[in-house]
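Each residue of the sequence shown is one higher than the one before, starting from 76 at the first, in the working numbering.
Just so you know, even glycine gets a beta-carbon here, dropped at the ideal spot from N, CA and C.
Read the structure below first, then the notes.
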Amino acid sequence: MKPISELTYLVLARSAIHDFDINMAIDWAYEMVALGYDTPNLLFLAATSKPANYFEVSTYLENALKELGLREKSEEEALASYGYYHVLEIARGEDVQKNLGAIRYLHSDAYQALLINFFLLNWAWGDLNYGNREQEYWPGATQDNIEGLVIAEANRWLEEHNEFTIIIP
76 MKPISELTYL
86 VLARSAIHDF
96 DINMAIDWAY
106 EMVALGYDTP
116 NLLFLAATSK
126 PANYFEVSTY
136 LENALKELGL
146 REKSEEEALA
156 SYGYYHVLEI
166 ARGEDVQKNL
176 GAIRYLHSDA
186 YQALLINFFL
196 LNWAWGDLNY
206 GNREQEYWPG
216 ATQDNIEGLV
226 IAEANRWLEE
236 HNEFTIIIP
């Protein structure tokens, strides 16, 4: 099984991302080609200059996904894929607070429940950033340890939720 670009989780969630940056699809294609995937539309997409025209790139993106045997996610699946991507980024220590904040935009009761700890950690961090010495959302969280707590929670969550893994046929 070949690895995939983590951006695959965002590209497949395009329908749920209201301000989807089509240039991300070019980055995704480039990463997929670097990982050894080779289809006509993927290659064209990877070679496209940025900034790109949304409508032109969308067609190549849709075709590249079909060539790889992938389909864009339904609204609920897209929300899960979007959340999963940001948890992966947090676990890697990438822009932890920014990725934690992105999760709060999930507007689905099902995924809010699944990701509730990230909502609580986001609110705790917000209180701490606002200058509060204490917060009531995450026991023991302080300005000094909040980032580490968020990363630890992301790693714990990923161990429990590997059902989101995407496999290319």
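(request) Return the first residue and the last residue of the alpha helix (DSSP H) that Ala109 is part of. (result) 98-109
(message) Strictly under 8 Å for the Cβ-Cβ distance: is Leu189 near chain C by that measure?
(response) Absence of chain C from the displayed structure is noted, only one protein chain being present.
(request) Just the C-alpha distance for Leu224 and Ser133, rounded to the nearest angstrom, thanks. (result) 38 Å
(message) Please report the distance separating the alpha-carbon of Met99 from that of Glu147.
(response) Cα-Cα distance, rounded: 15 Å.
(request) State the DSSP-derived secondary structure class of Ala139, mapped to helix, strand or coil. (result) helix
(message) Suppose you measure from the CA of Glu109 to the CA of Leu82; what does that come to, to the nearest Å?
(response) One point to set straight first is that residue 109 is Ala, not Glu, in the sequence displayed. Approximately 13 Å, taken between the alpha carbons.
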